[in-house]
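Chemist: Starting off with a structure, shown below.
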Amino acid sequence: MWCRSIGSIMLSLMGLAALAVGQERGEPLDLGTWKRMPTFQDGRMMPVNTFARRLVQTVCHRVNPRLSLAGAAHGVSQSPGLIQAGKL
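In short: position in the sequence shown from 1, add 786, done, that's the numbering used here.
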């Protein structure tokens, strides 16, 4: 199971890198398509957004974890806000 999860995480990171390249070119960042991209886990197809939320819940034991960044101006931020702000 962890091999599939690691593979999905690696694929997600490659996708985020591709999004960053598109943003450098001045293209608008559209996460809507990314959130709906299909992934498979235990024989079930689900959007990558659902897969990521379940993975975070499994790892952090919380539905909505908060990240604390050393030296951050606001101290504590929710993880989706970091991604939308381009800080992650």
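Every residue gets a Cβ at the ideal spot worked out from N, C-alpha and C, and that includes glycine.
1) What first and last residue would you give for the alpha helix (DSSP H) that runs through asparagine 830?
2) What does the alpha-carbon distance come out to for the pair threonine 836 and isoleucine 795?
3) Note down the Cα distance separating proline 824 from valine 849, rounded to an integer number of angstroms.
Modeler: In terms of the structure at hand:
1) First, the residue type needs correcting, since residue 830 is arginine and not asparagine in the sequence shown. Here arginine 830 belongs to no alpha helix (DSSP H); instead the beta strand (DSSP E) covers 830 to 833.
2) Threonine 836 and isoleucine 795: Cα-Cα distance of roughly 13 angstroms.
3) Spanning the two alpha carbons is a distance of roughly 21 angstroms.
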